[in-house]
Amino acid sequence: MEKIQHNFITVRGLKLHIAELGSGPNVVLFLHGFPEIWYSWRHQMVAVADAGFRAIAPDYRGYGLSDPPPEPHKATFADFVSDIVAILDHLGLNKVYVVAKDFGFRPAYLLAHFHPERVSGVVTLGVPYLPPGPLEFHKHLPEGFYIARWREPGRAEADFGRFDPKTVVKNVYILFSKSEIPIAKENEEIMDLVDPSTALPSWFSDEDLSAYGALYEKSGFQTALKVPYRSMDEEFDIADPVVKLPALLIMGCKDYVFKFPGIEDFIKSGKVKEFVPNLDVIYLPEGTHFVQEQSPELVNELILDFLKAHS
């Protein structure tokens, strides 16, 4: 990890952090989810760089080492996409492969919608392509569903505020590594779902947790709560929802996202391919929501196979 370089570039009025490794004309852009950060791609960056690709992993605005927007409560997915385009322009990159995790699927596929000439292919982990438009899972699950709670202004801030950022990240990693959707009872908060004595997943070290904790100590959670959770109703002017680029979805069979209403059927019935006809889907039997950190060598191999097949 010490080989990874860290740079800051100023685009759209904000200083954004970019982790980079490798060189060459073929570039892989890594987009993180929540509670992740550039660091969640540490294993994949080394693997693709060793294979001759250039790896770039930004922190979104308001995440990690990147500047927060002047009004975090107004941040949008559209801002993230515009930032990504500005980063590519700043670095002189005409075309990239995009590898995205969790809610990163949305900026990845929005980039493919609005700028298909700049995307060679898309890989997503943990969440499939979903047609642009409001995401309404919270309307079909109990009031204590974690997304419903985190969408409520002030609720997560009060919940998270009882702990230091390192503990918040630890709790979310523990919760999101399970195969059940985190749902709190009426008289408890999401952070209360984790017993303080619960150990981290075996593949996530104390050193990893300290790295995440330090990054969120810097950024806080204000922008992270706005995007994605409070931006799920965001609409986009897209006439044709079909993405014809080469694509790959990597899903852990023990990923709690499979329990979201309609998701398993959407993927396994093949309906997702109505929107992404050139999509391959690979299932990892023991995989949880954090497959790229849980099984890095296997995920690295899958990503590299995809990159080499479409280079």
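Residues 1 to 311 (UniProt numbering) make up the sequence shown, in order.
All C-beta atoms, glycine included, are put in the ideal place defined by N, C-alpha and C.
>> My assumption, with CB atoms under 8 angstroms, is that Gln-44 sits in contact with Gln-292. Please give the rounded CB distance.
In response: Gln-44 to Gln-292, Cβ: 6 angstroms. Contact.
>> Nearest by alpha-carbon distance to Lys-218: which of Leu-65, Gly-24, Leu-21 and Arg-61 is it?
In response: Minimum Cα-Cα distance from Lys-218 among the listed residues Leu-65, Gly-24, Leu-21 and Arg-61 corresponds to Leu-65.
> Which of the three DSSP states, helix, strand or coil, is assigned to Arg-155?
Replying inline: DSSP places Arg-155 in helix when its eight states are reduced to three.
> Within 10 angstroms of its Cβ, does Lys-170 collect 16 or more other Cβ (buried), or is it exposed?
Replying inline: The residue is buried, with at least 16 neighbouring Cβ atoms inside 10 Å.
>> So, at 6 angstroms on beta carbons, what are the nonlocal neighbours of Met-191 in its own chain, with the 5 sequence-adjacent residues on each side left out?
In response: Sequence-distant Cβ neighbours of Met-191 in its own chain, meaning closer than 6 angstroms and more than five residues away, are Asp-159 and Asn-171.
> Taking C-alpha atoms, which residue in Gly-13, Arg-155, Leu-88 and Val-99 lies nearest to Pro-69?
Replying inline: For the options Gly-13, Arg-155, Leu-88 and Val-99, the alpha carbon positioned closest to that of Pro-69 is the one of Gly-13.
> Per DSSP, Gly-252 forms a beta bridge with which residues?
Replying inline: Gly-252 has Leu-284 as its beta-bridge partners, per DSSP.
> If Tyr-256 sits next to Glu-180, beta carbons under 8 angstroms apart, how far is it from one beta carbon to the other, in whole angstroms?
Replying inline: For a cut-off of 8 angstroms, the C-beta gap from Tyr-256 to Glu-180 is around 6 angstroms, short enough to register as a contact.
> Opposite Leu-125 in the DSSP bridges: which residues?
Replying inline: DSSP lists Lys-101 and Ile-250 as partners of Leu-125.
> In the DSSP assignment, what residue or residues form a beta bridge with Thr-167?
Replying inline: Bridge partners of Thr-167: none, in fact.
> Alpha carbon to alpha carbon, how far is Trp-41 from Gly-154?
Replying inline: Taking the straight line joining both Cα atoms gives about 30 angstroms.
> Between which two residues does the beta strand (DSSP E) carrying Arg-54 extend?
Replying inline: Annotation for Arg-54: the continuous beta strand (DSSP E) segment containing it runs 54–58.
>> Output needed for Leu-111: all residues of its chain with C-beta closer than 8 angstroms, excluding positions within five of it in sequence on either side, in chain order.
In response: Excluding positions up to five away in sequence, the list reads Val-81, Ile-84, Val-85, Val-98, Arg-118 and Val-119.
> Between the Cα of Glu-36 and the Cα atoms of Phe-176, Lys-95 and Val-123, which residue gives the shortest distance?
Replying inline: From the listed residues Phe-176, Lys-95 and Val-123, the smallest Cα separation to Glu-36 is found for Phe-176.
>> What would DSSP say about Thr-198, mapped onto helix, strand or coil?
In response: Correct three-state label for Thr-198: coil.
> Which term fits Asp-79, buried or exposed, when burial requires 16 or more other beta carbons within 10 angstroms of its beta carbon?
Replying inline: Classification for Asp-79: buried.
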